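**Q**
Number of protein chains: 2
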Amino acid sequence: MHKETETRKRKSQLSPISQIVPVTFKYPVHFTHGLFKSGHLLLSSLLKQTKELSPKKLLCIVDAEVARLHPTLCAEMESYWLPHQEKVTLVRKPWIMAGGEACKNDTERVSHLHRAVHDFAMDRHSYILVVGGGALIDMVGYAAATAHRGIRLIRVPSTVLAQCDAALSVKNSINAFGKKNFLGTFTAPFAVLCDLDLLTTLDNRDWRSGVSECIKVALLQDASFFATIESLCEPLTSRNLTIMSRVIERGAQLHLHHIATSGDPFEMGSSRPLDFGHWSAHKLEQLSNYRIRHGEAVAIGLALDATYSHLLGKLPQSSWERIIHVLSELGFALFVPELESHLAERNHPDCLFRGLDEFREHLGGQLTVMLLEEIGRGIEVHEIDEALMKKSITTLKRRHRCTESS
Amino acid sequence: MHKETETRKRKSQLSPISQIVPVTFKYPVHFTHGLFKSGHLLLSSLLKQTKELSPKKLLCIVDAEVARLHPTLCAEMESYWLPHQEKVTLVRKPWIMAGGEACKNDTERVSHLHRAVHDFAMDRHSYILVVGGGALIDMVGYAAATAHRGIRLIRVPSTVLAQCDAALSVKNSINAFGKKNFLGTFTAPFAVLCDLDLLTTLDNRDWRSGVSECIKVALLQDASFFATIESLCEPLTSRNLTIMSRVIERGAQLHLHHIATSGDPFEMGSSRPLDFGHWSAHKLEQLSNYRIRHGEAVAIGLALDATYSHLLGKLPQSSWERIIHVLSELGFALFVPELESHLAERNHPDCLFRGLDEFREHLGGQLTVMLLEEIGRGIEVHEIDEALMKKSITTLKRRHRCTESS
Chain X
2 MHKETETRKR
12 KSQLSPISQI
22 VPVTFKYPVH
32 FTHGLFKSGH
42 LLLSSLLKQT
52 KELSPKKLLC
62 IVDAEVARLH
72 PTLCAEMESY
82 WLPHQEKVTL
92 VRKPWIMAGG
102 EACKNDTERV
112 SHLHRAVHDF
122 AMDRHSYILV
132 VGGGALIDMV
142 GYAAATAHRG
152 IRLIRVPSTV
162 LAQCDAALSV
172 KNSINAFGKK
182 NFLGTFTAPF
192 AVLCDLDLLT
202 TLDNRDWRSG
212 VSECIKVALL
222 QDASFFATIE
232 SLCEPLTSRN
242 LTIMSRVIER
252 GAQLHLHHIA
262 TSGDPFEMGS
272 SRPLDFGHWS
282 AHKLEQLSNY
292 RIRHGEAVAI
302 GLALDATYSH
312 LLGKLPQSSW
322 ERIIHVLSEL
332 GFALFVPELE
342 SHLAERNHPD
352 CLFRGLDEFR
362 EHLGGQLTVM
372 LLEEIGRGIE
382 VHEIDEALMK
392 KSITTLKRRH
402 RCTESS
Chain H
2 MHKETETRKR
12 KSQLSPISQI
22 VPVTFKYPVH
32 FTHGLFKSGH
42 LLLSSLLKQT
52 KELSPKKLLC
62 IVDAEVARLH
72 PTLCAEMESY
82 WLPHQEKVTL
92 VRKPWIMAGG
102 EACKNDTERV
112 SHLHRAVHDF
122 AMDRHSYILV
132 VGGGALIDMV
142 GYAAATAHRG
152 IRLIRVPSTV
162 LAQCDAALSV
172 KNSINAFGKK
182 NFLGTFTAPF
192 AVLCDLDLLT
202 TLDNRDWRSG
212 VSECIKVALL
222 QDASFFATIE
232 SLCEPLTSRN
242 LTIMSRVIER
252 GAQLHLHHIA
262 TSGDPFEMGS
272 SRPLDFGHWS
282 AHKLEQLSNY
292 RIRHGEAVAI
302 GLALDATYSH
312 LLGKLPQSSW
322 ERIIHVLSEL
332 GFALFVPELE
342 SHLAERNHPD
352 CLFRGLDEFR
362 EHLGGQLTVM
372 LLEEIGRGIE
382 VHEIDEALMK
392 KSITTLKRRH
402 RCTESS
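For the record, the sequence lines run as chains X and H. According to my numbering, the first sequence holds residues 2 to 407 in order. According to my numbering, the second sequence holds residues 2 to 407 in order.
#1: Check the Cβ-Cβ distances between residue 5(X) and every residue of chain H, and say whether any is below 8 Å.
#2: Tell me the DSSP secondary structure of residue 20(H) in three-state form.
#3: Pick from 211(H), 268(H), 266(H) and 197(H): whose alpha carbon is nearest that of residue 243(H)?
#4: According to DSSP, is residue 269(H) helix, strand or coil?
#5: Going by the beta-carbon positions, is the gap between residue 206(X) and residue 294(X) smaller than 8 Å?
#6: Helix, strand or coil, according to DSSP, for residue 150(X) in the structure here?
#7: When you compare the CB of residue 232(H) with every CB in chain X, is at least one pair closer than 8 Å?
#8: Could I get the ranges of all uninterrupted alpha helix (DSSP H) runs contained in the segment 32-78 of chain H, with 4 residues as the minimum, in chain order?
#9: I need the straight-line Cα distance from residue 5(X) to residue 33(H), nearest angstrom please.
#10: In angstroms, rounded to a whole number, what distance separates the CA positions of residue 12(X) and residue 255(H)?
#11: Taking all protein chains shown into account, do 16 or more other C-beta atoms lie within 10 angstroms of the C-beta of residue 1(H), making it buried, or fewer, making it exposed?
#12: In angstroms with no decimal places, state the Cα-to-Cα distance between residue 10(H) and residue 35(X).
#13: Buried or exposed for residue 8(X), going by 16 or more other Cβ atoms inside 10 Å?
#14: Exposed or buried, residue 176(X), counting other C-beta atoms within 10 Å across all chains shown (16 or more means buried)?
#15: Helix or strand or just coil, what does DSSP make of residue 82(H)?
#16: Which same chain residues end up closer than 8 Å to residue 400(H) when comparing Cβ atoms and leaving out the 5 residues on each side of it in sequence?
#17: Can you pull the chain X residues whose beta carbon is under 7 Å from the beta carbon of residue 21(H), in chain order?
#18: What does residue 350(X) reach in chain H if we use C-beta pairs closer than 8 Å?
#19: Closest to residue 361(X) by C-alpha separation, out of 23(H), 122(H), 18(H) and 44(H), would be which residue?
#20: Under 8 Å between C-beta atoms, does residue 178(X) make it to chain H?
#21: May I ask whether a heavy atom of the ligand SAM can be found less than 7 Å away from the beta carbon of residue 222(X)?
#22: Which two residues bound the contiguous beta strand (DSSP E) that contains residue 128(X)?
#23: In chain order, what residues of the segment 336-367 of chain H put their CB closer than 8 Å to some CB of chain X?
#24: Which residue's Cα is closest to the Cα of residue 252(H): 162(H), 279(H) and 142(H)?
#25: Which residues does DSSP pair with residue 27(H) in a beta bridge?
#26: From what residue to what residue does the beta strand (DSSP E) around residue 192(X) run?
#27: Shorter than 8 Å from the beta carbon of residue 50(X) to some beta carbon of chain H?
#28: In the DSSP output, what is residue 158(H) paired with across the bridge?
#29: For residue 174(X), name the three-state secondary structure that DSSP assigns.
#30: With a cut-off of 8 Å on the beta carbons, I'd call residue 344(H) and residue 357(H) a contact; round off their distance for me.
#31: Drop a sphere of 10 angstroms on the beta-carbon of residue 319(H), count the other beta-carbons inside from all chains shown, and report buried for 16 or more, exposed for fewer.
#32: Between residue 391(X) and chain H, is the shortest Cβ-Cβ distance under 8 Å, so that the two count as touching?
#33: Cα separation between residue 239(X) and residue 233(X)?
#34: At which residues does the beta strand (DSSP E) containing residue 390(H) begin and terminate?
#35: Are the beta-carbon atoms belonging to residue 26(H) and residue 128(H) less than 8 Å from one another?
#36: Compare the C-beta of residue 295(X) against all C-beta atoms of chain H and say whether one is closer than 8 Å.
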């Protein structure tokens, strides 16, 4: 018996079971107008695809800012479903919730949503539809992903940023312990429906700020898309919706293509190419107590890492100038005082460079930062020369002063 | 411009982006002895595979019951890592936590784990290792899956049930609002390491109860495995570890194969074949306030649905008798008073048949229950005749009385 156990021991240790579980996530991304206008077929046909007998439950959540700017929206959302009652049941009136980054700081919100799923006896084939900016979509997405291990989530992003970037991902999150996106999951949405009409009421800051994510993806992957954006600065700043739609759709396409083909959509490795410019952006948002919006912070982050790439001798001068120029033309401020936060005190929690540590920690493993070799071509590095990064900040500051005094 | 917008509208609505994201999850499942004995290479080699520079952080959590029954285990876990300090850092002494179903009822526990991940600055490449039963593994797994969108989880299941079933899955969960597994995610572990020595100290109920999940998977998929279990009742009840290991490994193999090849490991459809017998099992656990353990409840659930399958004319008499016989031989009680809970009051929350509703709600969509056509072959149905189910309960009760009086 002892011998048998010994043989068995060796055998067990030599032949483990290598479990391999392939999963394919699929979701459509649509760009449209007037999504909730009666007779618009997109949403109703999406929910009617499934062949079940009883009506599906649907909980709608609307960003308070969107509801304020589109005062008829909630009523439209209710009457939209009237002709489809045999297929879809609204479990309550559209639920208006405050959005913005602050909504991600409150775990109570997630609990309220969980309780609603329980109270309305929603199941894994029910739907939560959220209309709003990236922050509300992130928070609601986290609640939806964790209730019953995943209620179907329909994202209706209402900002440029969310339509071209935030709402397309396979992620969700809330903040905790002062760390951005500390809690979250990788979960694909059921569908992403971008209603371009929602963009018409954005204030100028939100209209502009999402374009920075399109510039980011252009800088990494598509020089000709960057050139297109360069040529469209005027119509973009003068709020031409058709032009903006075109930019958003191309940005979304590139972003989605990257998620699908990166080989690591659930970020199990240490690399996250699409986070170009984001180590400082996340820190700037936090340091400014979210006065600086995500897209604005990304614009600064892009300018900073492009400048660093240039000073490092990787990015040619002319390309660097084009990048700074297009960001400025679109109206982004490329220097803020937070860039100089506690630079000399490396251990101060508000030191900008702590953003590098937090960036590494969130992703795990070795520090991996994307820089630029050329417009349309990124390159990963595993080290940042903080003296040179300080020089990059000084460069942006000097340039900012010149622009202000000119 | 209006025309352009119209064209654009139609165009956008006609050509959505169909996003397809393939992800492959891989994890090894090992069966071994003396996992934490110094010099055992399995764990250290698993954590050394990665080629990173700084030591990986590791947080170990141990089920209080396991720590009590294996009083040297925690010290062994600490000294195990001494020769590997350049690769692995224990962030603290092994953290002893109460396990059992009750640990899944307390969301505070999850918060404590999140705070530890924050306090120890653990990242997505850090490890949480949990030694314990299925409930503790579920709860710790939920915390690990949601911190930084996923800390690597090493499961070291300490019970028969967890080694052949619970710890192998791509799921985790806690209970909420009185609903079992209401919160959770689909997340693959980093590795599952089954230390068979941990089984030696189980009490007889826990030793026996996990076998019911092996019987379940045999009934659904492998008649010859069922016959093997039938032939091994004596050594199993007399606590032969080698025989038990063989049964666990085969059960685990079948279970893992099903997860990998079912085509729906993240349960996006309405079918969950491996939940044969589970609609009543979950309800019986709850109705008995968890006096009935999961494996015991599954044994009753299998007996009940096998009886129903037989009375429905699907499962031959002789096969039904073999099933009832093997469960009885192993020492399972196949009738408990909770089976008759409020059967006549369909809307009473404690009515056993509410288990059908809750089962459907958890998975979503149409009710889908697995029955048996033959040993080794399941069949899905979408309706349960509750009168016939009552008769099945009566059959089990009568049989139970006869056994008691004989």
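The beta carbon of each residue, even a glycine, is placed where N, CA and C say it ideally should be. Computed from a prediction, not measured in an experiment: that's the story for all the values here.
**A** Short version:
#1: Translated into the one-based positions of the first sequence, residue 5(X) becomes position 4. Confidence at residue 5(X) is low in this model, with a pLDDT of 43, below 50, so its placement is unreliable and no value can be given for it.
#2: Numbered from its first residue, the second sequence carries residue 20(H) at position 19. DSSP places residue 20(H) in strand when its eight states are reduced to three.
#3: For this step, residue 243(H) is matched to residue 242 along the second sequence. Nearest option by C-alpha distance: 197(H).
#4: Counting from 1 along the second sequence, the entry for residue 269(H) is found at position 268. Note: residue 269(H) maps to coil in three-state DSSP.
#5: The sequence position of residue 206(X) within the first sequence is 205, counting from 1. The sequence position of residue 294(X) within the first sequence is 293, counting from 1. Contact flag set, yes.
#6: Here residue 150(X) refers to the residue found at position 149 when the first sequence is read from its first residue. In this structure, residue 150(X) counts as coil in the three-state DSSP scheme.
#7: Mapped onto the second sequence, residue 232(H) falls at position 231. Not closer than 8 Å to any Cβ of chain X, the Cβ of residue 232(H) fails to qualify, so no.
#8: 42-49 and 65-70
#9: Residue mapping note: residue 5(X) aligns to position 4 of the first sequence, counting from 1. Residue mapping note: residue 33(H) aligns to position 32 of the second sequence, counting from 1. Note on residue 5(X): pLDDT 43, under 50, position unreliable in the model; no value is reported.
#10: As a working note, residue 12(X) is residue 11 in the first sequence. As a working note, residue 255(H) is residue 254 in the second sequence. Because residue 12(X) sits at a pLDDT of 43, beneath the cut-off of 50, its placement in the model cannot be relied upon, and the following sentence gives the value as read from the coordinates. Looking at the two C-alpha atoms, the distance is approximately 19 Å.
#11: A query on residue 1(H) cannot be resolved here, the shown segment of chain H reaching from 2 to 407 and no further.
#12: Here residue 10(H) is taken as the residue at index 9 of the second sequence, counted from 1. Here residue 35(X) is taken as the residue at index 34 of the first sequence, counted from 1. Model confidence at residue 10(H) stands at a pLDDT of 43, short of 50, so the residue's coordinates are unreliable and nothing is read from them.
#13: Position 7 of the first sequence holds residue 8(X). Unreliable positioning characterises residue 8(X) in this predicted model, as indicated by a pLDDT of 43, which lies under 50. The coordinate reading is nonetheless provided below. Counting Cβ neighbours within 10 Å, residue 8(X) comes out exposed, since fewer than 16 surround it.
#14: In the first sequence, the residue the question calls residue 176(X) occupies position 175. Residue 176(X) should be labelled buried.
#15: Translated into positions along the second sequence, residue 82(H) becomes position 81. In this structure, residue 82(H) counts as coil in the three-state DSSP scheme.
#16: Numbered from its first residue, the second sequence carries residue 400(H) at position 399. Once the five neighbours on either side are set aside, the close Cβ partners of residue 400(H) are 325, 335 and 336.
#17: Residue mapping note: residue 21(H) aligns to position 20 of the second sequence, counting from 1. Per Cβ cutoff of 7 Å: 25, 27 and 261.
#18: The residue given as residue 350(X) occupies position 349 in the first sequence. Those do not exist, as residue 350(X) stays about 12 Å from chain H at its closest Cβ, beyond 8 Å.
#19: For the purposes of this step, residue 361(X) is taken as residue 360 along the first sequence, with counting starting at 1. If we check each option's Cα against that of residue 361(X), 122(H) comes out closest.
#20: To locate residue 178(X), count along the first sequence from 1; it is residue 177. Chain H, which has a Cβ nearer than 8 Å to the Cβ of residue 178(X), makes this yes.
#21: For the ligand SAM, the structure offers nothing, since it holds no ligand at all.
#22: Position 127 of the first sequence, counted from the first residue, corresponds to residue 128(X). Residues 128-133.
#23: 361, 362, 363, 364, 365, 366 and 367
#24: Working through the second sequence from its first residue, we reach residue 252(H) at position 251. Residue 162(H) is the option with its Cα nearest to residue 252(H).
#25: Here residue 27(H) corresponds to residue number 26 of the second sequence, with the count starting at 1. Partner(s): 21(X).
#26: Working through the first sequence from its first residue, we reach residue 192(X) at position 191. Per DSSP, residue 192(X) belongs to the beta strand (DSSP E) from 192-196.
#27: Counted from its first residue, the first sequence places residue 50(X) at position 49. Output row for residue 50(X): interface = no.
#28: Here residue 158(H) corresponds to residue number 157 of the second sequence, with the count starting at 1. BP columns for residue 158(H) point to 133(H).
#29: The sequence position of residue 174(X) within the first sequence is 173, counting from 1. It is a strand residue.
#30: In the second sequence, residue 344(H) corresponds to position 343, counting from 1. In the second sequence, residue 357(H) corresponds to position 356, counting from 1. Rounded, the Cβ-Cβ distance is 12 Å, inconsistent with contact.
#31: Position 318 of the second sequence, counting from 1, holds the residue named residue 319(H). The residue in question, residue 319(H), is exposed, as its Cβ has fewer than 16 Cβ neighbours within 10 Å.
#32: For the purposes of this step, residue 391(X) is taken as the residue at position 390 of the first sequence. Residue 391(X) does not count as touching chain H.
#33: For this step, residue 239(X) is matched to residue 238 along the first sequence. For this step, residue 233(X) is matched to residue 232 along the first sequence. In a straight line, the C-alpha of residue 239(X) is about 10 Å away from that of residue 233(X).
#34: Position 389 of the second sequence, counting from 1, holds the residue named residue 390(H). That residue, residue 390(H), is in no beta strand (DSSP E); its alpha helix (DSSP H) goes 387-406.
#35: Against the second sequence, residue 26(H) aligns to sequence position 25. Against the second sequence, residue 128(H) aligns to sequence position 127. No, the Cβ-Cβ distance between residue 26(H) and residue 128(H) is not below 8 Å.
#36: Here residue 295(X) refers to the residue found at position 294 of the first sequence. It does not: the Cβ of residue 295(X) has no partner Cβ on chain H nearer than 8 Å.
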